[in-house]
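2 protein chains.
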Amino acid sequence: MATRLVVLVDAPDRPGLLSETTGLLHRLGVNLVTSLGYAVEDRARLLLIVDSPLEPGELEERITGQLGEDAEVRAAPLGPQGAELLAEFLLDKPGLVNLLEVYLEPPDLLDALLRLPGDVRRRLYRILSAQSLGRIMLLADEATLREIAGSLDPDHLAKAIATLDPDEAVDVLQKLPEKLRRLLLGRLPDPLRREALQLLRYPPDTAGGVMTTSVPVLRASDTVQQALQLLRSGDYDVRDTIVVVGDGGRLVGLVTVDQLLRASPGERLGRLAARPRAAVEPEVDREEVARMMLRYDINRLPVVDREGRFLGLVTIEDVADVLAEEAAEDIALLGGLEKPRERYLKASILDLFKSRIPWLLLIYAIESVTANIIKGYEDVIQRIALLAAFIPLVMDTGGNVGSQASSMIIRALALGEISERSRHDIVYVFLKELATAALIGSTLAAIGFGFAMVLSDGDVMLSLSVALTLLIVTLLADIIGATLPIVARRLGADPAAVSGPLVTTIVDISVALVYMGLAAHLVLGAR
Amino acid sequence: MATRLVVLVDAPDRPGLLSETTGLLHRLGVNLVTSLGYAVEDRARLLLIVDSPLEPGELEERITGQLGEDAEVRAAPLGPQGAELLAEFLLDKPGLVNLLEVYLEPPDLLDALLRLPGDVRRRLYRILSAQSLGRIMLLADEATLREIAGSLDPDHLAKAIATLDPDEAVDVLQKLPEKLRRLLLGRLPDPLRREALQLLRYPPDTAGGVMTTSVPVLRASDTVQQALQLLRSGDYDVRDTIVVVGDGGRLVGLVTVDQLLRASPGERLGRLAARPRAAVEPEVDREEVARMMLRYDINRLPVVDREGRFLGLVTIEDVADVLAEEAAEDIALLGGLEKPRERYLKASILDLFKSRIPWLLLIYAIESVTANIIKGYEDVIQRIALLAAFIPLVMDTGGNVGSQASSMIIRALALGEISERSRHDIVYVFLKELATAALIGSTLAAIGFGFAMVLSDGDVMLSLSVALTLLIVTLLADIIGATLPIVARRLGADPAAVSGPLVTTIVDISVALVYMGLAAHLVLGAR
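Now the structure itself:
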């Protein structure tokens, strides 16, 4: 099967260069999607977008073979590598973007833009069609969106946003500063403005924030024929489901298009509508919505108010990426980073510094407690310097056991396997972790004892201190690691935010106390 | 809006208990979905499934108020807490599961089963309807599936699997041992067996493994009317899209049902079909497929062979949970766990031990190198015991900087922002991390110097060792942390698998070398 590739050719300018290249592509069975070119002094530059059955490397070789060794040919699949080639091509002639945007999907275009210097990128925003710009604003992170908003006048921005569906437009508006948002709302065309104002009442991370309001709605007394007619003539985002409502707009149920096709034209929708298996209020967290839809295999989830009146529909497409996003946030939090607000490529070094230093300083402050504890045992270390050699080993073991336990509990909480509110579950986790930690701790203590005996040339008391510390630390670290995420959830915080580095650091303090205390008693006591 | 709750009532048996309770519910505006009950000696036990506008706590109080203080009433939403109540009810009368399964979604039923003792659970598998059992087998982790397969005879299992769609049946079959799989395949009804055999050719984590083959397919010369007829009469999993093929089954394009509704009945499908924006071969990784569908906003992605012949369709529903699953795996890997093969609730303590100990032992082995390095400087520590106090501080800082860098790069790789194959990106990451680390390192070194001066009562050389170590370690840890995921990806490994604990440990060794080496030179040299 053919893969879409970006090919950038850089060769001495000569007549027929393009037709020679396209002729070759034709013979190779490569399908040309579009070709663009320009000359700078005596060099010609061609950009080809192709569907190629050949691998990029092979295609490069074949074209170089045709054009000669002084031609530089680079081919890469769309995505990060292709974006690099696109950016290189646009760098000299940004104006050609209008010939290119037709053939590129917005995510690929955005990838290329992000690889260009800021000033070129800002020029490009101004040239792009309203359609492309709208999609790009929808895909952009907050920093890029601010940059776009800063490069264009409000009319231009409003025109781009007006090309989006209402729920998409609201996504963009919600990321803009309050003042600009109001200004832009005033310039949106009327039906879109009204829908947007309605949706803006809900925070972006709730069911109300992700739902679609552009849905065909009919009454229970309407017929199948009317429903098919509405689907034919109306312009809705959801085109495969009819929402059926009763008195006062109360949700009765949903009818799918394939039900309509199988029913007789005169049948009433009220008889056909299936009561939805679930419905949510608009304030429900979008992560919970996503989890519910996946758990119960629901494609279209109605959003209703407290009185059961229909407000909108959340589609599986709306939430497909929510769980992946939330998990990516967890990975960042576990790694000791703040919630990422922008792409790595876009973040300045100062941005990165600012997002990383707070955690490091916090950990630093806590770790200074550890340093003070060890300092308190300075005389012990002076007499038995070898004690210091085991500090990293015991601390690392504690940290690892703690983060293993945290990861496992975060996962079980996230999958809804256990609940932070169930007393049964908390007791269960506590006992299960205690037993597992005892098993792991004994194993590690036994190995640690042997290892310490070797390293200390048979100092039994020192080796015993190491082994006992390992056992106690494993128990402590496991319980702390397993409990913190549950406590965090009960306090309404993200379990991942308080785990990771924090667990390690809290464990370090306990390790310092246990290890130095034990060593002082056992080893010094014996001498 | 009403929430679905499970209510378990335990009260002295008396006539009219149930009608008293349901009468109260009616007055409270609580909708009764089903009620079941039995008596053990002089106690009656009622299980109610209700849609309640009241919170669980309030409902408990109101029912207790009605039935008297000697009634124990517990209410909880479906999910982990509700499952606990269901399990408690089923424990004494497993046979009642058949009256219950009709009102429960399979995930809720499975949650309840997992909270029961193994012998009761195995009895329940035998009682469940084929439908429920089929769904439960689809949802179960590998350990539970093995338990189910071990509790029932092959005919019973085959009947349950036959209630599933072909791609679901294959999901289940693929998790069973080879021998049993063949046995079961032989007992499946004919069209399902043929489809399953076709799908079984592809690994479960590829496009071919997740695609649906139950799709309406027509030729380009067929008409809109024929397509609508096919949708009306056929029984397909995908009911909103017609696949249009040409000579030899080559994919021409897709037509959606709303296109059909708007077109004239006599129009040829070939004229209507939109060329799909993308198509994949069956071997492509399902994670890549999911990412592509989300990136390009594609709901139905065709799978074709090398010659472009249509094989099946991947729907957004098929892959909605793939990215979340992959991210959950990453979280586990970063926490130093193996890929989770079973639920936390289901895993025995020995399972947990086995999945956690390998990492811990590996880290242990590497950390013993650190211990040996520090032992080599035993005499230095003997003379300046305070050195030991800073070991946790510098190592933890290194570990945290390293895991921050790893998390960031894993995220950027996963989102396709940077590519491990692009030389530009690798250089870019290296330079950006070097600059960020220099900034972070200087900050931490400055604070560290001040802190060490205080703790050491003004020992400049010792404080300088600490500060210099912090700077060097930050640079080293950041580069190691950022590079390891890229190297892992290039070698075809999961970036998360080699990060987390591994980064910390490798950093520890470098820290030991740098810190002890610097201290020996600077501090001892000065004395």
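Respectively, the protein sequence lines represent chains A and B. With full-length UniProt numbering, letter number 409 in the first sequence gets 409, and the count goes up by one each step, no holes. With full-length UniProt numbering, letter number 115 in the second sequence gets 115, and the count goes up by one each step, no holes. We put the beta carbon where it would ideally sit given N, CA and C, even for glycine.
Item to complete: On the DSSP bridge assignment, give the partners of A44 of chain A in chain order.
Response: A:A11 and A:A39
Discussion item. Whole angstroms are fine: how far does the CA of R423 of chain A sit from the CA of N69 of chain B?
Written reply: Position check: residue 69 of chain B holds Glu in this sequence, whereas Asn was assumed. Distance between the alpha carbons of E69 of chain B and R423 of chain A is about 22 Å.
Worksheet item: If we call anything under 8 Å between Cβ atoms a contact, is T397 of chain B one with L470 of chain B?
Response: yes
Worksheet entry | Identity of the residues DSSP links to G312 of chain B by a beta bridge | B:V303
Worksheet item: Taking Cβ to Cβ, would you say A140 of chain B is nearer than 8 Å to I148 of chain B?
Response: yes
Practice prompt. Provide the residue span of the alpha helix (DSSP H) that contains E61 of chain A, from first to last.
Written response: That run of the alpha helix (DSSP H) goes P56 to L67.
Practice prompt. Identify the contact partners of Y103 of chain B in chain A, using a Cβ-Cβ distance below 8 Å as the criterion.
Written response: Chain A residues near Y103 of chain B: none, gap ~11 Å exceeds 8 Å.
Worksheet item: Is there contact here, the region 72-81 of chain B with the region 402-422 of chain A, by at least three beta-carbon pairs under 8 Å?
Response: yes
Worksheet item: Who does P53 of chain A pair with in a DSSP beta bridge?
Response: The partner list for P53 of chain A (beta bridge, DSSP) is empty, contrary to what the question assumes.
Worksheet entry | Presumed contact (8 Å Cβ cut-off) between A496 of chain A and D285 of chain A, rounded CB distance | Not confirmed; about 15 Å, so no contact.
Worksheet item: Looking only at its own chain, which residues have a Cβ that is under 7 Å from the Cβ of A227 of chain A, when we skip the five neighbours before and after it?
Response: Answer for A227 of chain A: L218, I242, V255, L260 and L269, listed in chain order.
Item to complete: Check the DSSP bridge columns for A365 of chain B and list the partner residues they point to.
Response: Bridge partners of A365 of chain B: none, in fact.
Practice prompt. Would you check if the distance between the CB atom of V380 of chain B and the CB atom of M516 of chain B is smaller than 8 Å?
Written response: Going by C-beta atoms, V380 of chain B is nearer than 8 Å to M516 of chain B.
Discussion item. Give me the DSSP bridge partner(s) of L218 of chain A.
Written reply: A:V244
Discussion item. Here's the rule: buried if 16 or more other CB atoms are within 10 angstroms of the residue's CB, otherwise exposed. What is K175 of chain B?
Written reply: buried
Worksheet item: Per DSSP, R343 of chain A forms a beta bridge with which residues?
Response: R343 of chain A pairs with nothing; no bridge assigned.
Worksheet item: Between the region 418-435 of chain A and chain B, which residues of the former have CB atoms less than 7 Å from a CB of the latter, in chain order?
Response: Residues of the region 418-435 of chain A with a C-beta atom less than 7 Å from some C-beta of chain B are I418, S419, R421, S422, H424, D425, K432 and A435, listed in chain order.
Worksheet entry | Straight-line gap, I391 of chain A to R343 of chain B (C-alpha atoms, nearest Å) | 34 Å
Worksheet item: Which residues, taken in chain order from the region 310-330 of chain B, show a beta carbon closer than 7 Å to some beta carbon of chain E?
Response: Judged by its chain identifiers, the structure shown contains no chain E, and its protein chains are A and B.
Item to complete: Please determine, among B:K179, B:L360, B:A169 and B:R194, the residue with the shortest C-alpha to C-alpha distance to P204 of chain B.
Response: B:A169
Discussion item. Does R383 of chain B come out as helix, strand or coil in the three-state DSSP assignment?
Written reply: helix
Discussion item. Just verifying my parser: in three-state terms, what is the DSSP assignment at P485 of chain B?
Written reply: helix
Item to complete: Note down, one range per segment and in chain order, each alpha helix (DSSP H) of at least 4 residues found wholly within the region 91-166 of chain A.
Response: For the region 91-166 of chain A, whole alpha helix (DSSP H) runs of length 4 or above, ordered along the chain, are 97-100, 106-114, 118-127, 130-139, 142-151 and 154-161.
Discussion item. Just to confirm the assignment, what range does the alpha helix (DSSP H) spanning R182 of chain B have?
Written reply: Residues E178 to R187.
Worksheet item: In chain order, what residues of the same chain lie with their CB nearer than 7 Å to the CB of S52 of chain A, ignoring the 5 residues before and after it?
Response: Excluding sequence neighbours, S52 of chain A sits near A2, T3, L5, V30 and L59.
Practice prompt. For the beta strand (DSSP E) containing R252 of chain B, list its first residue and its last residue.
Written response: It is worth fixing the name first, because residue 252 of chain B is Val in this sequence and not Arg. For V252 of chain B, the enclosing beta strand (DSSP E) has its first and last residue at L251 to T256.
Discussion item. Could you tell me the alpha carbon to alpha carbon distance between A488 of chain A and I410 of chain A, rounded to whole angstroms?
Written reply: 10 Å
Worksheet entry | Extent of the continuous alpha helix (DSSP H) to which R295 of chain A belongs | Boundaries of the alpha helix (DSSP H) harbouring R295 of chain A: R286 to R295, taken from the DSSP string.
Worksheet item: Which one or two residues does DSSP pair with L32 of chain B in a beta bridge?
Response: B:V50
Worksheet entry | Residue environment, N98 of chain B, which counts as buried when at least 16 other CB atoms sit within 10 Å | exposed
Discussion item. Against R262 of chain B, what residues of chain A qualify as contacts under a CB-to-CB distance less than 9 Å, listed in chain order?
Written reply: L231, R232 and S233
Practice prompt. Would you tell me roughly how many angstroms separate the C-alpha atoms of A274 of chain B and E307 of chain A, rounded to the nearest one?
Written response: 42 Å
Worksheet item: Which residues, taken in chain order from the region 381-402 of chain A, show a beta carbon closer than 8 Å to some beta carbon of chain B?
Response: I381, Q382, A385, L386, L387, A388, A389, F390, I391, P392, L393, M395, D396, T397, G399, N400 and V401
Practice prompt. Give a yes or no on whether the C-beta atoms belonging to I366 of chain B and T505 of chain B are separated by under 8 Å.
Written response: yes
Worksheet item: Which chain A residues are close to Y296 of chain B, counting only those with a beta carbon under 8 Å from its beta carbon?
Response: E105 and P107
Practice prompt. Evaluate T21 of chain A with the Cβ neighbour count: other Cβ atoms within 10 Å of its Cβ, from every protein chain shown; 16 or more gives buried, anything less gives exposed.
Written response: buried
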